[in-house]
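Protein chains in written order, with our numbering: chain A, 24 to 460; chain B, 329 to 406; chain C, 219 to 600.
Take a look at the structure below.
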Amino acid sequence: MPKHETPMLDQLESGPWPSFVSDIKQEAESRAKNERNIEYQIPQDVCEDILGVLELSYKHKRTHWKHGGIVGVFGYGGGVIGRYCDQPEMFPGVAHFHTLRVNQPGGKFYTTEYLRQLCDLWEFRGSGITNMHGSTGDIVFLGTTTPQLEEIFYEMTHKLNQDLGGSGSNLRTPSDCVGEARCEFACYDTQALCYDLTMTYQDELHRPAFPYKFKFKFDGCPNCCVASIARADMSFIGTWRDDIRIDQEAVQAYIGGELAPNAGAHKGRDWGKFDIQKEVIDLCPTQCMWMEGKELKIDNKECNRCMHCINVMPRALRIGNDRGLSILVGAKAPILDGAQMGSMLVPFIKAEAPYDEIKEIIEKIWDWWMEEGKNRERLGELMKRQGFQKLLEVTELKPDPRMVQEPRSNPYIFWKEEEVEGGWDRDINEFRKYHQR
Amino acid sequence: MDYEEAKEKIISTLSKKKGKTKFYFNDLAKILEAKPRDAKKIVNRLVQEEVLEFWSSGSTSMYGLKGAGKQAAAEEGD
Amino acid sequence: MAFISSGYNPDKPLEDRITDIGPRKYDEFYPPVIAKNKGKWLYHEILEPGVYVHVSETGDEVYTVRVGGARLMSVTHIREICDIADQYCDGYVRFTTRNNIEFMVDKKEKVKPLVDDLMSRKFPAGSYKFPVGGTGAGITNIVHTQGWIHCHTPATDASGPVKATMDVLFDDFRDMRLPAHLRVSLACCLNMCGAVHCSDIAILGYHRKPPMLDHEYLDKMCEIPLAIAACPTAAIKPAKVELPDGKKVNSVAVNNDRCMFCGNCYTMCPSMPLADDVGDGIVIMAGGKVSNRLSAPKFSKVVVAFIPNEPPRWPQTTATIKKIVEVYAKDAKKYERLGEWAERIGWERFFEKCELEFTHHLIDDFRDPAYFTWRQTTQFKF
């Protein structure tokens, strides 16, 4: 007999997709049996109570969680989210049910040895329920009591050489795509830059002194697999500025049908014979490609590196060799002024350790935002409020048409006095010599 | 401003605010009349010495005198 | 249940304290074939749904088998992942940004036994533990937020609607028949701690009732200035309120017409709950993307203003999504993302083809960007 009847959740056990209900039930069972003789530090039946309180939410169509703001580990302003159940008598196992964010490794590569260590720790001192991974990228430990927070942090730092991630008005845990580790499109080492900046800015990550959250995300190419352009205050997107490398033999192999276009991504339907004119050349947004006899030609100067041709023919076309990244700033999800996409600030910069030039830009932006940002104002909102020109001023970057979609369509330029010859102080009497009152 | 003076200023200013015990970092920087980066050094030390504590909404962080406030009582009480 | 100390001394929190050490370094966890070939990859190919190969200039190959995961995962489940990785992958595994799990092997002949094993593992009630798929022009895992399992301001559940939706879209997780890949995301309230605003299809929880005011307790439980400051639209002001027993208390008043139902006040003040069984439900958005391929990244647009919460399987929500996917699959050109297709045929045609009602709620009236979404041309379709 389960501790709570869960008729509605039970309906989520059928169907092909992995059932989180079945999984929580298996964890509940594992804790009840306790074959490893673990001295559980939070209630043994915590998973039954998770299911119980969730079933109640399915019945009421309302959440049964309350927020708690004080819990955390000593000296850190982030990494722990306080959570309490609003029916603690019914579900004592989850009465206190705080979350820890654990800074994930770059590329989300793991050894099983390390994953098992995390599992052992979290089974012993928490609910055994996780998110692999949270939206920002962290490993999320879901549900433990207040006294366990310091214990977990102590074991994590002393035994696992592992730190917490960010929450609140901090630098949030930076995250990256798989990058050069397993992707031929990567234009820089996303994991190296992500790790370097994470380590350089540990203080910003743990001790909140920003007006609001701040996110870094690292995409190796303009395909943007980690969606940095949509959700990072600073997105680092790989790019190149020389020529796409072409293997003409492979181009012919695609045309001849020996190679599957789009790396086989369209295999589920018969789209007919591959047509390079229709599927690549005509779709090119800058129309910078053409066939000359059996040769594919690209006017690289006109290419905007949208990746389409490379995605379609990865064995024939490769990213250039002069690589680096673009920095876009100010993306965020909704509230307050609605969603914002990142805006181009640095069209091209080399991404080579120790990344001093990149750090200089980051710190100039932070100095500006920390001084001028209102409470709970994201960088993108400050940019809107004070203007892109102000951003250029604080970052000491030169204006470049690559930064904008188009020039302004109104002439209401706020000229500064020093920009106008002779300044603004004029002699009215001199003027009157030639103009009657 | 030296640290002890800053500490005094923070404690006295925050304890005087009626009906409000949680403050944004910028509020503290203003009280200290310091640039954010300098203010942060002082604030971090005040947290280490358990004069100040963090409060987090999950998305936003605030600071308050340790133990002050209605939610502090509620969270430690249950 | 005896308390077991980790060694931490609560009286001296700074003793032996280790801080600011960051995450484990990525290269500790690279499988040998990755460590050896990093930065040397030449090309990749998807061999079948969920399975692809990357080939290096050294001649090495790595075969990746991608499986879906409910991002809500128990340690028992993770240990099973570890067992599989130990058996087939020399003890290495990785996760993707979209909560998939990737098992990597260095030889082609190791792929089939791994795939067969993964597909054979099911929970007792029948769902796959590790379904192989999620690659190419299909539908991969849904990224999502916490919902009713853990959050205090959700307007819907997350894991439940995701499970129900993925059950309905499962064939497209296992296949690659769509014109382009299609990304589905879920956020359980408009704060979008999981950003969904640039997804092909977004499922968004939304409250429609302003907070209730627990006047009797409000001043005891909350700091009124914080509740007021929390409101993004400045809809909250202080108020003196007379309770039924005649007692006057300090509280707040909410200008309900200005409320955008974000729940930020509830985060600061537990005496202002806004969750409601009838008020809360789901908004469907469509046509967003983050890739720069062909066209620029786009925001998702609201295509259904409200669908009630229908636990446990949200049938109206999943039916709406399924309908959009099917029409897109049939109508779009090869390589066209959902948003690119909608823009080519025109949104008026999108609503017609998807048999969705166009209501006044779908016309933007929120601040400046609204104007840019109205039609400033005579070009439209009948």
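Glycine included, every Cβ here is placed at the ideal spot set by N, Cα and C.
All values derive from a computational prediction rather than experimental measurement.
Distance cutoff 9 Å, beta carbons only. Does residue i sit that close to anything in chain C?
{"i": "residue 444/A", "result": "no"}
{"i": "residue 390/B", "result": "yes"}
{"i": "residue 397/B", "result": "yes"}
{"i": "residue 335/B", "result": "no"}
{"i": "residue 427/A", "result": "no"}
{"i": "residue 63/A", "result": "yes"}
{"i": "residue 348/A", "result": "no"}
{"i": "residue 406/B", "result": "Confidence is the limiting factor: at residue 406/B the pLDDT is only 40, short of 50, which leaves the residue's position unreliable, though a coordinate-based value still follows. No, no contact with chain C."}
{"i": "residue 216/A", "result": "no"}
Against chain A, with Cβ distances strictly below 9 Å, would residue i count as a contact?
{"i": "residue 440/C", "result": "no"}
{"i": "residue 490/C", "result": "no"}
{"i": "residue 382/C", "result": "yes"}
{"i": "residue 322/C", "result": "yes"}
{"i": "residue 355/B", "result": "yes"}
{"i": "residue 280/C", "result": "yes"}
{"i": "residue 379/B", "result": "no"}
{"i": "residue 328/C", "result": "no"}
Name the chain A residues whose beta carbon is nearer than 8 Å to that of residue i?
{"i": "residue 252/C", "result": "132, 204, 205"}
Find out if the Cβ-Cβ distance for the pair residue i, residue j is shorter than 9 Å.
{"i": "residue 286/C", "j": "residue 384/C", "result": "yes"}
{"i": "residue 286/A", "j": "residue 256/C", "result": "no"}
{"i": "residue 380/C", "j": "residue 357/C", "result": "no"}
{"i": "residue 564/C", "j": "residue 519/C", "result": "no"}
{"i": "residue 372/C", "j": "residue 416/C", "result": "no"}
{"i": "residue 468/C", "j": "residue 459/C", "result": "yes"}
{"i": "residue 572/C", "j": "residue 501/C", "result": "no"}
{"i": "residue 168/A", "j": "residue 119/A", "result": "yes"}
{"i": "residue 64/A", "j": "residue 174/A", "result": "yes"}
{"i": "residue 178/C", "j": "residue 555/C", "result": "Nothing can be reported for residue 178/C, as the shown portion of chain C is limited to 219 through 600."}
Please compile the residues from chain A whose C-beta is within a distance smaller than 9 Å of the C-beta of residue i.
{"i": "residue 520/C", "result": "Those do not exist, as residue 520/C stays about 12 Å from chain A at its closest Cβ, beyond 9 Å."}
{"i": "residue 612/C", "result": "The structure shown does not extend to residue 612/C, since chain C is modelled only from 219 through 600, so no value can be given for it."}
{"i": "residue 429/C", "result": "Going along chain A, no residue has its Cβ under 9 Å from residue 429/C, so there is no contact; the nearest lies around 13 Å."}
Report the neighbours of residue i on chain B: residues whose CB is nearer than 7 Å to its CB, in chain order.
{"i": "residue 236/A", "result": "387"}
{"i": "residue 486/C", "result": "385"}
Cβ closer than 7 Å: which chain A residues qualify as neighbours of residue i?
{"i": "residue 352/B", "result": "398"}
{"i": "residue 375/B", "result": "98"}
{"i": "residue 263/C", "result": "283, 286, 287"}
{"i": "residue 508/C", "result": "247, 250, 252, 253"}
Please list the partners that residue i has in chain C, where partner means a Cβ-to-Cβ separation under 9 Å.
{"i": "residue 348/B", "result": "441, 442, 443, 444"}
Under 7 Å Cβ-Cβ, which residues of chain C neighbour residue i?
{"i": "residue 140/A", "result": "By Cβ distance, chain C contributes nothing, its closest Cβ being about 10 Å from residue 140/A, past 7 Å."}
{"i": "residue 22/A", "result": "The requested residue 22/A is not part of the displayed model; chain A covers only 24 to 460."}
{"i": "residue 53/A", "result": "294"}
Below 8 Å on the Cβ atoms is my contact criterion, and I expect residue i with residue j to pass it. Report the Cβ-Cβ distance as a whole number of Å.
{"i": "residue 321/A", "j": "residue 311/A", "result": "6 Å"}
{"i": "residue 132/A", "j": "residue 248/C", "result": "6 Å"}
{"i": "residue 235/A", "j": "residue 192/A", "result": "5 Å"}
{"i": "residue 290/C", "j": "residue 403/C", "result": "Actually they are not in contact, since the Cβ atoms of residue 290/C and residue 403/C sit about 16 Å apart, beyond 8 Å."}
{"i": "residue 281/C", "j": "residue 328/C", "result": "7 Å"}
{"i": "residue 245/A", "j": "residue 482/C", "result": "Contact flag wrong, Cβ pair sits at about 34 Å."}
{"i": "residue 253/A", "j": "residue 508/C", "result": "5 Å"}
9 Å is my cut-off, CB to CB: does residue i come that close to chain B?
{"i": "residue 156/A", "result": "no"}
{"i": "residue 318/C", "result": "no"}
{"i": "residue 232/C", "result": "yes"}
{"i": "residue 448/C", "result": "yes"}
{"i": "residue 411/C", "result": "yes"}
{"i": "residue 87/A", "result": "no"}
{"i": "residue 231/A", "result": "yes"}
{"i": "residue 482/C", "result": "yes"}
{"i": "residue 256/A", "result": "no"}
Please list, in chain order, the chain B residues whose beta carbon lies closer than 8 Å to that of residue i.
{"i": "residue 394/A", "result": "363, 364"}
The stretch 93-111 of chain A contacting the stretch 183-194 of chain A, beta-carbon criterion three pairs below 8 Å: yes
Three-pair Cβ contact test at 8 Å for the stretch 353-363 of chain B versus the stretch 362-373 of chain A: Counting Cβ pairs under 8 Å, fewer than three are found: no touch.
Cβ pair count under 8 Å reaching 3, the stretch 275-295 of chain A against the stretch 236-253 of chain A: no
Touching by the beta-carbon criterion (3+ pairs, under 8 Å), the stretch 321-339 of chain C and the stretch 146-162 of chain A: no
Three or more C-beta pairs below 8 Å linking the stretch 266-276 of chain A and the stretch 380-396 of chain A: The stretch 266-276 of chain A vs the stretch 380-396 of chain A: no contact.
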